[in-house]
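One structure is given below, encoded as structure tokens.
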């Protein structure tokens, strides 16, 4: 109601449109969010956070091709926008475009080498693509930032298992199970630690 009041006073108030869109998104109203974000972009076509959120909202609504197109438009305007590269990587990976997703995450890291999400996602993606050495490298760097992250620990355990390193495999999974003893993925993998590929 307050954002609508602000818009009634000043219809070109971009920040009010963006914040109204955030409220719609938080309520799960994708159509309302998209309409408000797009109104903000009509007022200011260079409002990068609004265009980013249009793409994020489209992806969450299952309109991934449209989201990817929005990310690419945004990156043409702002080629060093790390959040856009990171989110483009998520969208591309979800569409099974592994190599393109790798390139997007690498661009995010080229502009911010400490971006945890890009580092972690890139490591997990490399593992899915059977590129084990770069997967291990990125996941180990991510683990230094968040040593309790169960997803990273389980991925590193799988890498160790494949290499026949039962001790390292078990160590990573024990760290996960200390946090959540009933983690089904960790328990299942723990039984396989001594069974390398």
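In my numbering, the protein residues as written are 1034 to 1230.
Glycine included, C-beta positions come from ideal geometry on N, C-alpha and C.
Everything numeric in this text was worked out from a predicted model, so none of it was measured.
Shown here, residue 1129 sits in coil according to DSSP, grouped into three states, outside any helix or strand. Here the C-alpha atom of residue 1162 lies approximately 40 angstroms from the C-alpha atom of residue 1072.
The alpha helix (DSSP H) runs lying completely inside the stretch 1147-1211 and spanning 4 residues or more are 1149-1161, 1165-1178 and 1183-1195, given in chain order. Residue environment analysis places residue 1090 among the buried positions, since at least 16 neighbouring C-beta atoms fall within 10 angstroms of its C-beta. Exclusion of the five residues before and after residue 1134 leaves 1122, 1125, 1126 and 1158 as the residues of its chain whose Cβ lies within less than 7 angstroms of its Cβ. A straight-line Cα-Cα distance of about 24 angstroms links residue 1115 and residue 1049. Nearest Cα to residue 1179 within the set 1118, 1209, 1199 and 1200: 1209. With a cut-off of 8 angstroms on Cβ pairs, the stretch 1203-1219 is in contact with the stretch 1179-1188, counting three or more such pairs. Just measuring C-alpha positions, the residue of 1170, 1040, 1080 and 1093 sitting nearest residue 1061 is 1093. DSSP places residue 1059 inside the alpha helix (DSSP H), whose first and last residues are 1047-1059.
Between the alpha carbons of residue 1064 and residue 1054 lies a gap of roughly 9 angstroms. A check of alpha carbon separations from residue 1085 across 1172, 1103 and 1069 identifies 1103 as the nearest. When the Cα atoms are used, residue 1036 and residue 1118 turn out to be separated by approximately 30 angstroms.
Straight-line measurement puts the Cα of residue 1185 at about 16 angstroms from the Cα of residue 1221. A residue is called buried once 16 or more other Cβ atoms fall within 10 Å of its Cβ, and residue 1156 is buried on that count.
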